[in-house]
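Numbering (my numbering), first residue to last: 7 to 68.
The C-beta atom is built at its ideal place from N, Cα and C for all residues, glycine as well.
To start, the structure under review is shown below, and the notes come after it.
Here it is in structure tokens:
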């Protein structure tokens with residue numbers, strides 16, 4: 007039987023990959039002038055906060 011910890015680990019791993027992909031896409035959009043620096047910073051901050059929340063939840067479930 008798989009544990010809650012297993013699923014949080016899977017979720018965290020997937021979110022880290024997604025965070026990297028989103029950051030690369032945001033950086034490309036910033037470089038192309040599609041978004042401004044403030045938008046990049048805000049999106050980056052929100053992604054990082056979401057990942058931090060999941061990691062903290064995982065740690066709390068141990």
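Per-residue burial, residue i [other beta carbons within 10 Å of its own, 16 or more giving buried]
i: residue 24; result: exposed
When the options are compared against residue i, the one with the closest alpha-carbon
i: residue 29; options: 16, 9, 51, 13; result: 51
Contacts around residue i, its chain only, beta-carbon distance under 8 angstroms, and the 5 residues preceding and following it disregarded
i: residue 17; result: 60, 64
i: residue 21; result: 56, 57, 60
i: residue 14; result: 60, 63, 64, 67
Distance between beta carbons of residue j and residue i, contact taken as under 8 angstroms
i: residue 8; j: residue 67; result: The Cβ separation is near 13 angstroms, so there is no contact.
Cβ-based neighbour list, residue i, same chain, cut-off 6 angstroms, excluding 5 preceding and 5 following
i: residue 32; result: 46, 49
Between the region 33 to 41 and the region 54 to 61, can you find at least three pairs of beta-carbon atoms closer than 8 angstroms? No, they do not touch.
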